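Right, one structure below, let's go through it.
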Amino acid sequence: MNIRPEPLVARFFEHFGRPPEHVVCSPGRVNLIGEHTDYNNGFVLPMAIDRAVWLAAAGRDEGRVRVHSLDRRESAEFVLTDLRRENAGWIEYFKGVAWCLSAEGTPAGNGPDFCGGTPDEPNAPAPAARMGPSPSPALRGFDAVLTGDVPIGAGLSSSAALEMAAARLFAALGDRPWDPVPAALVCQKAENRWVGVNCGIMDQLACGCGRAGHALRIDCRSLEMEHVPLPADTAVVVLDTATRRGLADSAYNERRRQCHTAAEQLGVPPLRDADLAQLERLADTLDATACRRARHVISENARTLEAVDVMRRGNAAALGVLMNHSHASLRDDYEVSSPELDAMAACARAHPACFGARMTGAGFGGCAIALIDAAAAKPFTAATAAAYRRETGLDPAIYVTRPSAGTEAARVADR
Ligand code: GLA
């Protein structure tokens, strides 16, 4: 397990005066390629990383949830039978997942469901601010301590990691079988309808289904997945620009709408079903912005499939070129990069150990990634950090990350 439970177990004991029953570890993710394609039913190639959210928890007999954040040194609590949306920060992710697993949240209206259910329409209205009473008799309350090292708002999916951790914990406490795919759909719904961010399915699946040493090819229409090993002797480096931009108030939802419009104008339900020839034929009749947005999505889907292909053959150089093209398309056609992300990608590419670099996640700030020759990780990180500092005056965080296992739980007694 990708977890350091001992200090967490001790901190739980200190805080709640009893031993925890379960520990949960839920990783963040980077996306190698396939950006802004998930909500167009396309292809993505993320990997879970070795930074995660951890919980240590023990069940409670009544339906109260109490969580203490060790990093923020603050506690929050709520009652499962009276869920209210208060925009109160990190605790809302627990409430949102509880709501989606509750009688009101599940499509069939029949209680917690880790093994079925359908995704919501992405633009479905959010639930009313006060959801109670929403009896969820089969969900157990709990006490938990929470910690993590996925930076927040950096595009490494700290939110999805936390949602999947909460879902995993509810499953463990209820002694229910765990399947990360329906759980990811539940967590996506929590993010869409409780937190109010209209994300696609990539992050939750990447966090839930990661495998050490591998990236994950996801077909976001069928949810078919394949683990693809990273090319030998390469490393993925996180290049944190030290800039942040919240997803909720970003242009993310606007991009989604633009894709929808472009798909309608092209006569294909999702953009995944369009090709470049079709786009060229209809280019004159399309709004110029819609046309560029569509060109990104169509070309990015093709690049992602090609990336899987070259990865299977262990061709790091070809993968790097595709990553560079992806960045250019996100910058020029999709317009979700930022001066800092562009500067970071350029600084990384200037080093001879770099095969390719691009922004990762939604964009507008946060992190880029680079694929490099693993043997040169030290000089690469030092040179890229120095170059970026010179270029922007900002102090970046640059570190090698390893493809890791997805969300997991262990009983404390078993350890
Ligand atoms: C965010 C969303 C994902 C995906 C990416 C862009 O991370 O949560 O669903 O759309 O942006 O690829």
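Using the numbering used here, you'd call the opening residue of the sequence shown number 983 and step up by one each time. We put the CB at the ideal spot given by N, CA and C, even for glycine. Bear in mind the structure is a predicted one, so any value in this text is a computation, not a measurement.
Exposure of T1267 is indicated by the presence of fewer than 16 other C-beta atoms within 10 angstroms of its C-beta. About 6 Å separates the CB atoms of A1149 and V1168; that is less than 8 Å, so the two are in contact.
Inclusion of H1018 in the 6 Å shell around the ligand GLA follows from its C-beta lying nearer than that to a non-hydrogen atom of the ligand. Nearest neighbour of A1369 by Cα position, chosen from N1069, L1083 and H1333, turns out to be H1333.
Pairing R1254 with G1045, the inter-Cα distance amounts to about 43 Å. For A1387, the closest of P1001, C1007 and E988 by C-alpha to C-alpha distance is C1007. According to DSSP, M1207 shares a beta bridge with I1200. According to the DSSP assignment, A1143 belongs to the alpha helix (DSSP H) that extends over S1140 to L1155. Looking at C1349, A1330 and E1068, the one whose alpha-carbon comes closest to that of K1360 is A1330. A residue is called buried once 16 or more other Cβ atoms fall within 10 Å of its Cβ, and I1351 is buried on that count. Fully contained in the region 1280–1360 are the following beta strand (DSSP E) runs of length 3 or more, in chain order: 1336–1341 and 1349–1355.
Taking a contact as a CB-CB distance under 8 Å, the pair L1138 and P1028 does not count as one, their CB atoms being some 10 Å apart. For V1177, no beta strand (DSSP E) run applies, since DSSP gives it neither H nor E.
Scanning its chain for C-beta atoms nearer than 6 Å, with the 5 sequence neighbours on each side dropped, one finds around A1038 the residues L990, V991, F994, P1002, V1005 and V1127, in chain order. Around the CB of T1271, fewer than 16 other CB atoms lie within 10 Å, so the residue is classed as exposed. The DSSP-derived three-state label of A1038 is strand. DSSP places I1380 inside the beta strand (DSSP E), whose first and last residues are A1379 to T1383. About 6 Å separates the beta carbon of A1147 from that of T1389, a gap short enough to meet the 8 Å contact definition. In this structure A1379 touches D1222 by the C-beta definition: roughly 4 Å separates them, less than 8 Å. Taking every protein chain shown into account, the CB of I1200 has 16 or more other CB atoms within 10 angstroms, so this residue is buried. T1216 sits in a strand when the DSSP states are folded into three classes. Distance from the C-beta of D1201 to the nearest heavy atom of the ligand GLA is not below 6 Å.
According to the DSSP assignment, R1263 belongs to the alpha helix (DSSP H) that extends over L1258 to L1264. Annotation for R1046: the continuous beta strand (DSSP E) segment containing it runs R1046 to S1051.
Your pair F1346 and A1233 checks out as a contact, with CB atoms roughly 7 Å apart and the cut at 8 Å. Within a 10 Å sphere around the beta-carbon of S1204 sit fewer than 16 other beta-carbons, which makes this residue exposed.
When DSSP states are grouped into helix, strand and coil, D1125 belongs to the strand group. DSSP places L1027 outside both helix and strand once states are collapsed to three, so it counts as coil.
Beta-bridge analysis with DSSP links N1013 to P1028.
A direct Cα-Cα distance of roughly 12 Å separates E1282 from A1256. The beta-carbon distance between A1194 and P1385, rounded to whole angstroms, is 6 Å. This is short enough to meet the 8 Å contact definition. Annotation: the continuous beta strand (DSSP E) that includes V1061 extends over E1056 to V1061.
Assigned with DSSP and collapsed to three states, H1004 falls in strand. If you draw a straight line from the Cα of D1377 to the Cα of L1353, it is about 21 Å long. Distance from the Cα of A1120 is smallest, within the candidate group V1279, L1155 and G1135, for L1155. Look at the beta carbons and you see the region 1010–1026 not touching the region 1046–1057: under three pairs across the two are nearer than 8 Å.
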